[in-house]
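Read through the structure below, which is laid out as structure tokens, and then see the notes.
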Amino acid sequence: MQVPAPFEYARATSVADALELLERHGPEARVLAGGHSLLPMMKLRLARPDWLIDLGDLAELRHLIRDGDWLRVGALTTHADLLASAQVGRLLPIVHDAERVIADPVVRNRGTIGGSLGQADPAEDLSTVCDVLRARVVITGRAGERVIGMEEFHRGPYETACEQHELITEVRFPVRPRSGSAYEKVERRVGDWAVAAAGAALVLADDGTIADASIGLTALGLSGLATDAAAVLLGTHPSEEVFAEAGRLAAAASSPVEDQRGPVDYKRHLAEELTRRVLRSAAERAGAGALTAVQGG
Amino acid sequence: MQVTMTVNGAEVTRDVEPRLLLVHFLRDTLGLTGTHWGCDTSNCGTCVVLVDGVPVKSCTALAAMTSGHEVRTVEGLADGAALDPVQQGFMEEHGLQCGFCTPGMMLTARALLDRNPDPDEAEIREAISGQICRCTGYATIVRAVRWAAAHPATEEVRA
Ligand SMILES: Cc1cc2nc3c(=O)[nH]c(=O)nc-3n(C[C@H](O)[C@H](O)[C@H](O)COP(=O)(O)OP(=O)(O)OC[C@H]3O[C@@H](n4cnc5c(N)ncnc54)[C@H](O)[C@@H]3O)c2cc1C
Ligand code: FES
Ligand code: FES
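In order, the protein sequences belong to chains A and B.
Using our numbering, read the first sequence as starting at 145 and increasing by one per residue.
Using our numbering, read the second sequence as starting at 9 and increasing by one per residue.
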């Protein structure tokens with residue numbers, strides 16, 4: 145029987161209360177959102193907090209708000225909430241692509257976006273999605289809040305810029321006209337973590353050329369975005385050729401490791417193929433017409 | 009610590025350790041052994057119960073987190089002698105063999121039908137995709153849920 149080691153439990157009544165509890169209970173206090181990463185880690189003694197500060201009652205952190213050119217998502221918004229939102233599907237299709245393949249519907253009822261980012265597992269699908277969309281993370285501490293980009297938020301596997309005494313309170317996604325995004329994952333069986341996955345977002349200029357591009361990989365040993373791969377797309381018309389080149393560069397930027405999910409060459413092949421596929425869908429969704437084989441760029 | 013929650017319509021209050029998982033609270037503290045306990049790793053789904061009407065894997069929730077909420081277990085499906093249409097459907101369509109996955113499957117089915125009274129096969133398969141059945145091959149489970157969708161009558165009698 146797997147049971148966590150003993151700890152004390154407190155339920156926060158507000159963000160301020162959560163911050164005060166974190167401070168009072170010292171360095172071994174951890175916040176609990178959906179518990180679908182933290183509790184399994186505690187059962188295995190991979191995490192052993194003295195105190196759990198449960199955020200479950202903080203309805204103020206469970207929201208989806210369109211605010212001008214931003215979509216603001218509260219940290220306690222669940223995977224299921226994101227998937228149920230037609231607005232999210234329309235504005236940020238990559239989020240729905242990813243959510244459909246994150247775990248299973250029952251796990252998605254509990255897991256949250258704040259927990260996913262806070263967990264910072266290298267195979268976490270939403271981390272890649274946030275990278276690709278150039279999301280900004282709102283981190284709140286007792287001194288106030290700061291808003292940081294993903295490159296600053298990531299510190300490595302299981303490590304982020306959110307300090308132990310702080311909270312992730314919101315994730316902000318820019319909403320851009322003439323943009324399209326997509327995510328595709330290969331998994332061993334339905335609901336499993338990625339063998340490999342790729343995500344991409346494109347913004348088109350008035351003349352149909354690519355004005356902005358970002359490409360991210362999941363579980364492929366790439367931290368941050370595949371910048372070289374995205375750079376070859378800029379100023380070109382979406383085409384099979386340039387997407388193939390971006391796929392090759394993304395694969396070159398990856399450094400997958402062999403594990404029970406597959407060998408290195410297979411994963412590298414996936415990096416290339418999945419990058420091409422997500423670029424194709426992102427271009428289509430951004431309103432680029434049918435891709436032609438040869439186009440000037 | 010003290011937890012208070014509504015379980016199958018009745019309020020219960022108990023003293024528990026904060027680390028007590030909801031599945032063990034239901035089975036050991038309350039004696040409601042209808043909720044099964046399998047993989048312990050949030051993969052098999054036999055431990056699914058409804059928390060505020062939403063399916064949750066109770067091996068991956070603390071009893072403490074559920075305090076103040078409403079829990080429904082398989083024991084809360086039937087109303088006295090009147091079976092829930094989902095239970096009737098599992099009987100009519102042989103939705104179970106060994107029965108190990110059945111409590112979780114039935115609760116997920118109940119939550120699905122409450123949200124979508126006429127789900128098609130794809131929607132049913134998606135809803136139960138976080139739950140494993142080693143016996144039926146799922147076809148009869150899907151038929152059982154379809155049966156329940158087609159016979160909501162028991163539900164009306166209850167209301
Ligand atoms: C069977 C299973 C399959 C899964 N498959 C996938 C998958 O395919 N892809 C995928 O991406 N994920 C997968 N997950 C993970 C799932 O998405 C988790 O729900 C998610 O990673 C964590 O969210 P949570 O709310 O449960 O976080 P918790 O477990 O509550 O917390 C995780 C960590 O984040 C910290 N934290 C939580 N909220 C905050 C906050 N607001 N501020 C600061 N720190 C915070 C916690 O202290 C903890 O360290 C799977 C999980 C399970 C159980
Ligand atoms: S025992 Fe909870 S999912 Fe298997
Ligand atoms: S009936 Fe045996 S596991 Fe489903």
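For every residue, glycine included, the Cβ atom is placed at its ideal position computed from N, Cα and C.
Is residue i near ligand 2, judged by its Cβ being under 7 Å from some heavy atom?
i       : result
G406(A) : no
C306(A) : no
N16(B)  : no
D194(A) : no
K168(B) : Residue numbering for chain B in the displayed model covers 9 to 167; residue 168(B) lies beyond these limits and cannot be assessed.
Can you tell which of the options has its C-alpha closest to the C-alpha of residue i?
i       : options                               : result
A158(B) : T144(B), E100(B) and Q105(B)          : E100(B)
S425(A) : Y327(A), D201(A), V291(A) and G406(A) : Y327(A)
V291(A) : R280(A), G300(A) and P407(A)          : R280(A)
T4(B)   : T54(B), T21(B), A86(B) and N124(B)    : Residue numbering for chain B in the displayed model covers 9 to 167; residue 4(B) lies beyond these limits and cannot be assessed.
T54(B)  : L91(B), M114(B), H102(B) and A156(B)  : M114(B)
K65(B)  : L236(A), L183(A) and S358(A)          : L183(A)
E295(A) : I312(A), P318(A), S271(A) and L196(A) : S271(A)
Quick one: is residue i near chain A, going by C-beta distance under 8 Å?
i       : result
P127(B) : no
A157(B) : no
R80(B)  : no
L40(B)  : no
V8(B)   : Past the boundaries of the shown model lies residue 8(B); chain B is included only from 9 to 167, so the question cannot be answered.
R123(B) : no
V94(B)  : no
Grab the span of the beta strand (DSSP E) containing residue i for me, first residue to last.
i       : result
S137(A) : Because chain A in this structure spans residues 145 to 441, residue 137(A) falls outside the shown range and cannot be described.
H298(A) : H298 to G300
I359(A) : I354 to T362
A342(A) : A338 to L348
P318(A) : L311 to P318
I197(A) : W195 to D198
Residue i CB to nearest chain B CB: under 8 Å?
i       : result
H381(A) : no
Q439(A) : Its pLDDT being 43, under 50, Q439(A) is placed unreliably by the model, and the measurement read from it follows with that caveat. Not an interface residue.
E331(A) : no
R254(A) : yes
P171(A) : no
V147(A) : yes
L183(A) : yes
G335(A) : yes
V250(A) : yes
Y410(A) : no
Looking at the secondary structure, which residues open and close the alpha helix (DSSP H) in which residue i lies?
i       : result
T148(B) : A147 to A158
L121(B) : T110 to R123
L226(A) : H223 to A228
I283(A) : Counting along the chain, I283(A) falls outside any alpha helix (DSSP H), though it belongs to the beta strand (DSSP E) covering R280 to G285.
R421(A) : V408 to R429
Ligand 3 heavy atoms versus the CB of residue i: any closer than 7 Å?
i       : result
T188(B) : The question about residue 188(B) has no answer here: the residues shown for chain B are numbered 9 through 167.
G107(B) : yes
C141(B) : yes
T221(A) : no
T43(B)  : no
L104(B) : yes
Can you tell me whether residue i sits near ligand 1, meaning its C-beta is under 7 Å from at least one heavy atom of the ligand?
i       : result
D225(A) : no
Q263(A) : yes
E268(A) : yes
S325(A) : no
P249(A) : no
V175(A) : yes
T256(A) : yes
* So does the stretch 51-67 of chain B actually touch the stretch 78-86 of chain B, counting three or more Cβ pairs closer than 8 Å? -> yes
* Asked: Between the stretch 355-364 of chain A and the stretch 411-428 of chain A, are three or more C-beta pairs nearer than 8 Å?
  -> yes
* Taking contact to mean at least 3 C-beta pairs separated by less than 8 Å, is the stretch 259-266 of chain A in contact with the stretch 344-357 of chain A? -> no
* To do: May I ask you to verify whether the stretch 137-147 of chain B touches the stretch 101-108 of chain B, counting CB pairs closer than 8 Å and requiring at least 3?
  => yes
* Three-pair Cβ contact test at 8 Å for the stretch 67-78 of chain B versus the stretch 15-32 of chain B -> Because the criterion of three Cβ pairs below 8 Å is met, the stretch 67-78 of chain B and the stretch 15-32 of chain B touch.
* To do: Determine, using beta-carbon pairs with one atom in the stretch 186-197 of chain A and one in the stretch 231-242 of chain A, whether at least three such pairs fall under 8 Å.
  => no
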